[in-house]
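Undergrad: Count along the sequence shown from 1, then add 240; that gives the number in the working numbering. Glycine is no exception: its CB is placed at the ideal position from the N, C-alpha and C atoms. Below is the structure I would like to discuss, written out as structure tokens.
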Amino acid sequence: MSVEFALSKVSTSSTLHFDYPSCPTKSMAEWNSLDSSSSTLMIFSIIVLAISSLLVYKSEFFRHKHPYTLQISENGEPATVHLPLVEKEHLSHDTRRFRFALPSKDHVLGLPVGQHITLRYKQPDGKVVMRSYTPVTSDDTLGYVDLVVKIYFKNVHPKFPQGGKMSQYLDSLKFGDTIEVSGPKGKLSYLGKGKFQIKRRVTDANARIRSAKKIGMIAGGTGITPMLQILRRALKDPKDQTEFFLLFANQTEQDILLVEEINAMEKEHANLHVWFTIDRDASPNWKYSVGFVSEDMIRDHLPSPAHDAQIFMCGPPPMLTYAVQPALERLGFEKSMLFAF
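Structure follows, in structure tokens:
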């Protein structure tokens with residue numbers, strides 16, 4: 241946006257003569273004093289005009305910031321929109337990156353860091369399927385939003401012969417097909433510089449504010465997405481000196497999502513420490529852990545319990561319920577130090 245200023249030119253080429261005998265004659269010093277006062281007044285007027293114009297410009301700038309796609313209503317209800325699929329990338333044999341277009345190239349999603357969205361569609365029998373996801377794009381991304389989704393195909397896992405309803409539906413979408421999206425949703429919002437707010441319930445008006453100098457993250461599979469959302473926000477701010485520790489669990493090396501980006505982030509930022517663990521099939525060059533997340537892994541690669549430490553968790557419910565949370569409790573972490581997405 242550019243602002244142009246135009247000042248009217250005042251012609252001084254003609255001279256006006258006044259012949260008033262009754263007027264007293266002024267000395268040259270008096271005329272110089274008047275000229276000086278006039279010049280000062282003109283300069284002051286120009287400064288006032290410039291400041292006023294600048295204020296108008298700033299007002300217009302802030303009034304025309306990038307519009308939010310998910311605009312929360314006055315009563316606090318999440319927004320609902322329909323977004324078209326415009327790109328699909330195969331990250332692995334069972335993982336996709338889906339890109340959905342926002343209403344315009346100037347739109348941002350409007351999702352606070354730490355929050356998620358809910359996708360919804362109706363099956364032919366009329367039943368509604370809903371699932372929640374955290375975008376891997378940041379909220380200053382213009383024009384689109386990316387989701388990384390693991391596809392649970394039918395007839396692969398004996399306990400889930402039908403597979404994942406939403407993930408398979410997303411995988412079946414053609415370019416131009418739309419999906420219903422609602423949000424923002426979630427109990428946690430990262431405010432930056434180690435500060436975040438937590439609600440006991442999503443609908444709560446009041447939130448508990450907590451600060452941490454060290455944040456540990458335990459992620460399993462696609463549970464990496466909310467962690468990446470927070471890391472991207474924090475690491476791009478040079479004033480955010482929070483120290484982050486990421487413990488990322490997957491089945492095999494090939495299942496590790498966005499591993500190149502994660503390694504690049506660790507290499508670039510000294511306040512990020514990353515450790516991986518896989519269930520099986522470790523290559524000879526594998527330098528990280530093998531096995532489920534354990535008490536020893538947490539002790540060795542995450543911060544110790546302290547008033548200024550916080551642990552974020554996201555992954556399959558059995559992993560969190562039967563492995564991660566019991567290990568954290570045995571290590572002395574209090575409930576106030578733990579948050580599961």
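Would you mind giving the Cβ-Cβ distance between Ser429 and Pro318, rounded to the nearest angstrom? I have them listed as a contact below 8 Å.
TA: Taking the first residue of the sequence shown as 1, we reach residue 429 at position 189. Taking the first residue of the sequence shown as 1, we reach residue 318 at position 78. 14 Å between Cβ atoms; not a contact.
Undergrad: Residues in its own chain within less than 8 Å of Thr377 by CB, not counting five upstream and five downstream?
TA: Mapped onto the sequence shown, residue 377 falls at position 137. So the list reads Leu349, Tyr384, Val385 and Asp386, once near-sequence residues are dropped.
Undergrad: From the DSSP output, which residues share a beta bridge with Met370?
TA: The residue you call residue 370 lines up with position 130 of the sequence shown. Bridge partners of Met370: Arg360.
Undergrad: Fully enclosed by the segment 437-516, which beta strand (DSSP E) runs are 3 residues long or longer?
TA: 448-451, 454-460 and 483-490
Undergrad: State the DSSP-derived secondary structure class of Pro261, mapped to helix, strand or coil.
TA: On the sequence shown, position 21 is the one that residue 261 refers to. For Pro261, the predicted structure reports a pLDDT of 37, less than 50, and the residue's modelled location is therefore unreliable. The matter cannot be settled from this model.
Undergrad: From Ile455 to Ala474, what distance separates their C-alpha atoms?
TA: Position 215 of the sequence shown, counted from the start, is the residue given in the question as residue 455. Position 234 of the sequence shown, counted from the start, is the residue given in the question as residue 474. Cα to Cα, Ile455 sits roughly 11 Å from Ala474.
Undergrad: What separation, rounded to the nearest whole angstrom, lies between the Cα atoms of Pro478 and Phe484?
TA: Position 238 of the sequence shown, counted from the start, is the residue given in the question as residue 478. Position 244 of the sequence shown, counted from the start, is the residue given in the question as residue 484. If you take the alpha carbons of Pro478 and Phe484, they lie about 14 Å apart.
Undergrad: Run the CB neighbour count on Phe573, radius 10 Å, all protein chains shown included, and call it buried at 16 or more, exposed below.
TA: The sequence position of residue 573 within the sequence shown is 333, counting from 1. So Phe573 ends up on the buried side.
Undergrad: Should the segment 408-426 be called in touch with the segment 319-328, which here means at least 3 C-beta pairs below 8 Å?
TA: yes
Undergrad: Once DSSP output is grouped into helix, strand and coil, what is the label at Asp540?
TA: Indexing the sequence shown from 1 puts residue 540 at position 300. Reduced to three states, the DSSP call for Asp540 is helix.
Undergrad: Classify Asn490: buried if its beta carbon has 16 or more other beta carbons within 10 angstroms, exposed otherwise.
TA: Here residue 490 corresponds to residue number 250 of the sequence shown, with the count starting at 1. Buried, since its Cβ has 16 or more Cβ neighbours within 10 Å.
Undergrad: Cα separation between Glu508 and Gln469?
TA: For the purposes of this step, residue 508 is taken as residue 268 along the sequence shown, with counting starting at 1. For the purposes of this step, residue 469 is taken as residue 229 along the sequence shown, with counting starting at 1. Taking the straight line from one Cα to the other gives about 17 Å.
Undergrad: Terminal residues of the continuous alpha helix (DSSP H) containing Pro566?
TA: As a first step, residue 566 is located in the sequence shown; it is residue number 326 there, counting from the start. Unbroken alpha helix (DSSP H) run through Pro566: Gln565 to Arg570.
Undergrad: Which same chain residues, not among the five before or five after Val369, have their C-beta less than 8 Å away from its C-beta?
TA: Counted from its first residue, the sequence shown places residue 369 at position 129. Within the same chain, Val369 has close Cβ partners Arg360, Tyr361, Lys362, Gln363, Lys405, Met406 and Tyr409.
Undergrad: Going by the DSSP bridge assignment, what does Asp417 pair with across the sheet?
TA: For the purposes of this step, residue 417 is taken as residue 177 along the sequence shown, with counting starting at 1. Bridge partners of Asp417: none, in fact.
Undergrad: How far does the beta strand (DSSP E) with Leu325 in it reach, from first residue to last?
TA: Walking along the sequence shown from the start, residue 325 turns up at place 85. Its beta strand (DSSP E) spans residues Ala319 to Ser332.
Undergrad: Express the C-alpha separation of Asp346 and Thr309 in angstroms, rounding to a whole number.
TA: Taking the first residue of the sequence shown as 1, we reach residue 309 at position 69. Taking the first residue of the sequence shown as 1, we reach residue 346 at position 106. Roughly 10 Å separates the two Cα atoms.
Undergrad: For Lys435, which residues of its own chain have a beta-carbon under 6 Å away from its beta-carbon, when the five flanking residues on both sides are left out?
TA: Indexing the sequence shown from 1 puts residue 435 at position 195. Closer than 6 Å at Cβ, skipping near neighbours: Ser451.
Undergrad: Can you tell me which of the three DSSP states Ser344 falls into?
TA: Counted from its first residue, the sequence shown places residue 344 at position 104. Correct three-state label for Ser344: coil.
Undergrad: Can you give the Cα-Cα distance for Lys425 and Asp365, rounded to whole angstroms?
TA: To locate residue 425, count along the sequence shown from 1; it is residue 185. To locate residue 365, count along the sequence shown from 1; it is residue 125. Distance between the alpha carbons of Lys425 and Asp365 is about 27 Å.
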